[in-house]
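For the sequence shown, full-length UniProt numbering puts the final residue at 234, and the numbers step up evenly by one.
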Amino acid sequence: MMALLETKNLEVFYGDFQAVFGVDFHVNEGETVAIIGANGAGKSSFLKALSGLVKSRPDGILLDGKPVGGKPAFDMVKSGIALVPEGRRLFPSMSVGDNLRMGENGKSGDRGWNYETICDLFPILRERADQLAPTLSGGQQQMVAIGRALISNPRVLLCDEISLGLSPAAVKDVYAAIAEIKKRGTTIVIVEQDLNAALSAADRIYCFLEGKVSLAGRADEFDRSQILAAYFGS
Ligand SMILES: Nc1ncnc2c1ncn2[C@@H]1O[C@H](COP(=O)(O)OP(=O)(O)OP(=O)(O)O)[C@@H](O)[C@H]1O
Ligand SMILES: [Mg+2]
């Protein structure tokens with residue numbers, strides 16, 4: 001089976017500084033894969049490369065087996081790769097509804113996601129549609145960020161630290177939504193520092209350590225100590 005999205009020997013540089021070293025990664029259609037790792041491990045840099053926000057070699061990223069590395073971010077969205085960025089990056093002077101609709105610009109097909117189906121997934125957003133985005137709670141803002149990416153009908157949804165800074169109850173709500181999005185067939189890659197959240201949501205995990213993959217496999221294949229060793233490099 002060909003992977004939907006794959007990286008081969010992917011490297012990411014910021015000028016002379018190298019953040020990601022030769023990462024081989026893949027996600028199959030319908031899978032949920034989690035990338036875990038400590039601060040500075042290169043997780044966001046990896047997702048930024050997948051979404052075209054940082055440069056990479058053309059053959060470093062393959063979508064349906066075709067090289068797409070180095071394409072501009074808008075082209076990547078149009079090819080079906082949508083990012084929920086770290087820190088959410090909502091448009092603060094825009095309403096919740098307009099933030100959601102912004103994502104329609106990147107529409108890459110029709111897989112059943114539109115304004116109404118996203119509000120069905122997150123009913124609170126329908127109630128709050130006319131409010132400015134910053135007036136929402138952290139968990140609700142995270143729902144807007146997920147909805148804005150989802151409305152482009154991505155083939156692969158990339159989520160960067162969607163639980164960061166949220167209350168335990170909000171984390172539970174956000175991950176319930178991720179489970180529902182998976183159930184409807186969307187392929188998902190989540191970057192997550194919360195081990196429990198990652199392990200319960202994902203079919204497979206990759207652990208990043210200092211820009212390299214330190215562990216990869218099925219989420220249920222490792223015991224805690226193996227994962228912690230790969231996470232902290234001890
Ligand atoms: N724009 C940038 N310019 C220069 N260096 C950067 C830039 N962004 C990230 N880095 C560096 O690249 C390395 C990896 O950072 P990255 O943000 O990808 O890690 P991360 O795993 O997402 O960490 P965190 O858990 O803190 O979000 C770090 O050493 C970081 O300082
Ligand atoms: Mg990060």
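Glycine included, each C-beta is placed from N, C-alpha and C at the ideal position.
C-alpha distance - residue i paired with residue j, whole-angstrom precision
{"i": "Thr32", "j": "Ser167", "result": "23 Å"}
{"i": "Glu127", "j": "Phe17", "result": "45 Å"}
{"i": "Lys71", "j": "Gly65", "result": "15 Å"}
{"i": "Met143", "j": "Lys172", "result": "12 Å"}
{"i": "Asp220", "j": "Gln226", "result": "12 Å"}
{"i": "Gly15", "j": "Lys55", "result": "11 Å"}
{"i": "Ala198", "j": "Glu86", "result": "16 Å"}
{"i": "Asn99", "j": "Pro123", "result": "15 Å"}
{"i": "Gly97", "j": "Cys119", "result": "10 Å"}
{"i": "Arg204", "j": "Asp194", "result": "15 Å"}
{"i": "Gln131", "j": "Asn153", "result": "24 Å"}
{"i": "Val161", "j": "Arg88", "result": "In the sequence as displayed, the identity of residue 161 is Glu instead of Val. Each residue's Cα considered, the two are about 9 Å apart."}
{"i": "Leu53", "j": "Gly80", "result": "15 Å"}
{"i": "Gly217", "j": "Asp24", "result": "12 Å"}
{"i": "Glu29", "j": "Ser214", "result": "24 Å"}
{"i": "Asp223", "j": "Arg101", "result": "42 Å"}
{"i": "Gly129", "j": "Ser95", "result": "Here residue 129 turns out to be Ala, not Gly, going by the sequence shown. The straight-line gap from Cα to Cα measures roughly 6 Å."}
{"i": "Phe21", "j": "Phe208", "result": "10 Å"}
{"i": "Arg148", "j": "Glu11", "result": "28 Å"}
Unbroken beta strand (DSSP E) run spanning residue i, endpoints
{"i": "Val156", "result": "156-160"}
{"i": "Ile190", "result": "187-191"}
Bridge-paired residues (DSSP) for residue i
{"i": "Lys212", "result": "Leu209"}
{"i": "Lys66", "result": "Leu63"}
{"i": "Leu132", "result": "Ser95"}
{"i": "Leu228", "result": "BP columns for Leu228 are empty, so no partner."}
{"i": "Arg204", "result": "Val33, Arg218"}
{"i": "Leu125", "result": "Leu125 pairs with nothing; no bridge assigned."}
{"i": "Leu5", "result": "Val27, Leu63"}
Test item: CB-CB of residue i and residue j under 7 Å
{"i": "Val27", "j": "Thr186", "result": "no"}
{"i": "Arg57", "j": "Gly69", "result": "yes"}
{"i": "Leu47", "j": "Val174", "result": "no"}
{"i": "Gly40", "j": "Thr7", "result": "no"}
{"i": "Val189", "j": "Leu158", "result": "yes"}
{"i": "Ile178", "j": "Ala201", "result": "yes"}
{"i": "Gly103", "j": "Gly138", "result": "no"}
{"i": "Ser51", "j": "Ala73", "result": "yes"}
{"i": "Gly145", "j": "Val84", "result": "Note on identity: in this sequence residue 145 is Ala, with Gly being the wrong assignment. The answer is yes: Cβ separation under 7 Å."}
{"i": "Tyr206", "j": "Ile35", "result": "yes"}
{"i": "Leu63", "j": "Leu5", "result": "yes"}
{"i": "residue 307", "j": "Leu90", "result": "Only positions 1 to 234 of the chain appear in the structure, and residue 307 is not among them; the question remains open."}
{"i": "Pro134", "j": "Pro92", "result": "yes"}
Limits of the alpha helix (DSSP H) - the one that residue i falls within
{"i": "Thr117", "result": "115-121"}
{"i": "Pro168", "result": "168-183"}
{"i": "Met143", "result": "138-150"}
- Would you list, in sequence order, the uninterrupted beta strand (DSSP E) runs of no fewer than 3 residues that lie entirely inside the stretch 7-86? As far as the stretch 7-86 is concerned, its whole beta strand (DSSP E) runs of at least 3 residues are 17-27, 32-37, 61-63, 81-84.
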